[in-house]
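Below is one structure, written out as structure tokens, with a few remarks after it.
Residue numbers (my numbering): 83 to 177.
So, in structure tokens, the structure goes:
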């Protein structure tokens with residue numbers, strides 16, 4: 083199993099278009115920046131037919147340091163979850 087990277091996306095698009103690699107890299111950077119800003123500002127990003135990224139606040143909670151077994155309080159934080167669209171889920175799991 084391999085992981086698709088940002089460079090891999092640039093290469094994939096480069097092989098299928100007549101644009102140069104620098105233009106494609108800039109375009110991918112802009113798209114990712116738009117996605118990050120949407121999640122930060124709106125707390126959600128919906129890509130039809132693919133899925134939805136949602137950010138939400140997690141409250142502070144108690145935790146434990148595994149080395150010392152000391153109880154600590156973990157600070158509040160934001161987390162992002164991804165939910166597949168029904169269409170994409172059906173493609174991944176054909177019946």
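Where is the CB? At the ideal position from N, CA and C, for every residue including glycine.
Bear in mind the structure is a predicted one, so any value in this text is a computation, not a measurement.
Residue-level contact to chain D via CB, residue i, 8 Å cutoff
i, result
"residue 153", "As a matter of chain content, chain D is missing from the structure shown, which is built from one protein chain."
Residue i versus residue j: straight-line alpha-carbon distance, rounded
i, j, result
"residue 112", "residue 160", "23 Å"
Own chain partners of residue i with C-beta closer than 7 Å, once the 5 adjacent residues on each side are dropped
i, result
"residue 142", "155, 156, 157, 158"
"residue 88", "110"
Bounding residues of the alpha helix (DSSP H) (the contiguous stretch that carries residue i)
i, result
"residue 137", "Per DSSP, residue 137 belongs to no alpha helix (DSSP H); it is in the beta strand (DSSP E), 133-140."
"residue 86", "Element bounds for residue 86: n/a, residue is neither H nor E."
Proximity of residue i and residue j at Cβ, strictly below 8 Å
i, j, result
"residue 110", "residue 121", "no"
"residue 144", "residue 153", "yes"
Option in the options with minimal Cα separation from residue i
i, options, result
"residue 170", "114, 130, 136", "130"
"residue 125", "162, 177, 108", "162"
Chain-order list of residues whose beta-carbon lies under 6 Å from that of residue i (same chain, five-residue window excluded)
i, result
"residue 166", "133"
Beta-carbon proximity list for residue i, same chain, < 8 Å, skipping 5 on both sides
i, result
"residue 146", "152, 153, 154"
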